[in-house]
Each structure stands twice: as structure tokens, then as C-alpha cells.
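J.:
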Amino acid sequence: MIIAQLSDLHCTVPGERAVKRYDTNAALARAVERVNGLRPRPDLVVVTGDIGNGPKPGEYGPAAELLGRLEIPFLPLPGNHDDRQGLREAFGHLGLFPAEGEFLHYEHRVGGLRILALDTVIPMDVPGRLCDARLSWVEARLREDSGPTLVIMHHPPFLVGSGVMDPIRCQGGEAFEMLLRQHGNIAGVLCGHVHRGIAVPFAGTLGFCAPSTGMLLAFDPTPGAPPVWTDDPPGFALHVWEPGVPLRSHVLTV
Ligand SMILES: [Fe+2]
Ligand SMILES: [Fe+2]
Numbered sequence: 003m004i005i006a007q008l009s010d011l012h013c014t015v016p017g018e019r020a021v022k023r024y025d026t027n028a029a030l031a032r033a034v035e036r037v038n039g040l041r042p043r044p045d046l047v048v049v050t051g052d053i054g055n056g057p058k059p060g061e062y063g064p065a066a067e068l069l070g071r072l073e074i075p076f077l078p079l080p081g082n083h084d085d086r087q088g089l090r091e092a093f094g095h096l097g098l099f100p101a102e103g104e105f106l107h108y109e110h111r112v113g114g115l116r117i118l119a120l121d122t123v124i125p126m127d128v129p130g131r132l133c134d135a136r137l138s139w140v141e142a143r144l145r146e147d148s149g150p151t152l153v154i155m156h157h158p159p160f161l162v163g164s165g166v167m168d169p170i171r172c173q174g175g176e177a178f179e180m181l182l183r184q185h186g187n188i189a190g191v192l193c194g195h196v197h198r199g200i201a202v203p204f205a206g207t208l209g210f211c212a213p214s215t216g217m218l219l220a221f222d223p224t225p226g227a228p229p230v231w232t233d234d235p236p237g238f239a240l241h242v243w244e245p246g247v248p249l250r251s252h253v254l255t256v
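Per the numbering used here, the very first residue in the sequence shown carries number 3; after that it's consecutive.
1. Can you tell me whether T255 is buried or exposed? The criterion is at least 16 other CB atoms within 10 Å of its CB, across all chains shown.
2. Tell me the DSSP secondary structure of Q87 in three-state form.
3. Any heavy atom of ligand 2 closer than 7 Å to the Cβ of G199?
4. Which stretch, first to last residue, makes up the alpha helix (DSSP H) that contains W139?
5. Rounded to whole angstroms, what's the CA-CA distance from P64 to A28? Just pull it up for me.
6. Output the distance between the C-alpha atoms of V128 and H83, rounded to the nearest integer angstrom.
7. For the beta strand (DSSP E) that contains L152, what are its first and last residues?
8. Quick one: grab the DSSP three-state call for P223.
9. Which same chain residues, not among the five before or five after L219, have their C-beta less than 8 Å away from its C-beta?
10. In whole angstroms, give me the CA-to-CA distance for P225 and V202.
11. Which residue marks the beginning of the beta strand (DSSP E) containing L8, and which one marks its end?
12. From Q173 to R136, what distance separates their C-alpha atoms?
13. Over what stretch of residues does the beta strand (DSSP E) that includes G63 continue unbroken?
14. What do you reckon, are the CB atoms on D212 and A239 nearer than 8 Å?
15. Please confirm whether any heavy atom of ligand 1 lies closer than 7 Å to the CB of G81.
16. Determine, using beta carbons only, whether E179 and P150 come nearer to each other than 8 Å.
17. Quick check on H157: does DSSP put it in helix, strand or coil?
18. Starting from A189, trace the alpha helix (DSSP H) both ways and give me its first and last residue.
19. Taking C-alpha atoms, which residue in A177, E146, F210 lies nearest to A189?
20. When you measure from the CB of D52 to every non-hydrogen atom of ligand 2, does any distance come out below 7 Å?
21. Just grab the DSSP bridge partners of L46 for me.
22. Can you tell me which of the three DSSP states A29 falls into?
23. Would you kindly report the start and end of the unbroken alpha helix (DSSP H) that includes L208?
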């Protein structure tokens, strides 16, 4: 099975540019076209958060239209630049989000693989969190099914070696790691947020961050480094999954 991962789309209100520089909507259109043109075609697309750039009213119209061009089913989840209610309105018709409750976490099954989509958002804040309520939800899912499971979430629960992004990773990552280690069935933990393609061993499996489809941060592991946006080419990831085989992850530029 092939899973494409689009992340940090940062879709804007038409005519605006992200950080006054990047036409992220046009970049997403190119990424979607590239994914649709892949042969073999991916079986699924996961969209790991920061679908909007604000959050700001008017961003999810373009996001839904551009993601709607995918000829492959896709799974959205929230990042720190997203608004849960806005995501419900734009993507509720996919039937993935829970009908009730605060968090937009859910479970999805495709071809022998179970995917757990997590919501790491702290409203109006930049870092993420897996609080006790969210960890309990993950624990319950892992307890009721020991089949192969891929976790997708926005904020990485591990250090990636980025001076600007490490302080705003997912809080609660240590408890989450212990929980995953108790189960031997995690195929990988796919994240976004850091706007670079980065792989890290985590909880006995692969911790992975996909690059943004529209805007990349400079590589700088210096603690306290400021965010520097670059002209590095944006892109997305492709993950190849088979039962009993480690996940193989490729990064493509667009
Ligand atoms: Fe982002
Ligand atoms: Fe983010």
C-alpha cells in the first residue's frame, strides 16, 4: 500500500500570500496534480495539519476545493494554524471526525492497516499537546485492536534537531512514547509542523515529519534560532507499507 502525505498546506484567502511571500494555494494545486499523476497511484492521502494559514475565515474554501481535486481518498487533521469548527464545516462531509466532543481524532481502516489520526492542537497556541484525555483515547484504541497501526498527527512528539521547532513540539510526548512502546504494532508516527522532511527513531518505530507543500524552513539546529523561510523546494512524502515490513518513506519535491 502507498500512502501519500501532504502537510502544512497553509492555504490562504485568495490573493494573499503566506508570510507575505508564498503562494501556498498554487503550491498545493501543483502537489495535488503530482499526486494524482503518480503511477502506481497512492491508495490514500494523509493531510497532517496546518491546512489553513491563519486560522482566518475564507481559507478553508480554497483548501477544500484544492484537496477536493485529489482522485484518492484523503484524511485531514488539525494543526496549530487550524480552527476545529472551520475544519468540521469544510471536511465534515467526509464522515471522519467524531460527531461530538472537543477533539478531531478518529480511526480509519484501509487494506489491513488501521490509521489513528490525532488532534494535538492547543487552541490559540503554537505548541501541541497530548493531554490525559487524548492519551486515554489512544490507549483505548490500542487496547481494542492489536493490528498494524499507523499514527498521524501534526506536532511531532519527538525532538527533530531544529532550534526553532523543538520548543514548540507536542507536549506529552514522553507518556505517548511509553504508551506506543507497550504495543508492538505501530507502523510509524507521521507528523508535520516542522516544514522540513525529517526522520527520527521514536518509540521503537519511525518518527517522520513531512515537508510543507508550500514553504520550507531553513535547517538550523542552534537552540533559540529564529524561523528563517527559504526557497528550498516544497514537497510531500510517500510511504510504502506492507504487513510485517518496516515502513519505507520517500520525500518528493514539487
Ligand atoms: Fe505549518
Ligand atoms: Fe504547525
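Cβ coordinates follow ideal geometry from the N, Cα and C atoms, glycine included.
T.: According to the structure shown:
1. exposed
2. helix
3. no
4. 134-146
5. 10 Å
6. 8 Å
7. 151-154
8. coil
9. S164, V166, M167, V196, H197, R198, P229, V230, W231, T232
10. 18 Å
11. 4-8
12. 12 Å
13. That residue, G63, is in no beta strand (DSSP E); its alpha helix (DSSP H) goes 62-69.
14. Note on residue identity: the sequence assigns Ala, not Asp, to residue 212. In contact: A212 and A239 (Cβ atoms closer than 8 Å).
15. yes
16. no
17. coil
18. Looking at the DSSP string, A189 is not in any alpha helix (DSSP H); the run it does join, the beta strand (DSSP E), is 188-193.
19. F210
20. yes
21. I5
22. helix
23. Counting along the chain, L208 falls outside any alpha helix (DSSP H), though it belongs to the beta strand (DSSP E) covering 207-211.
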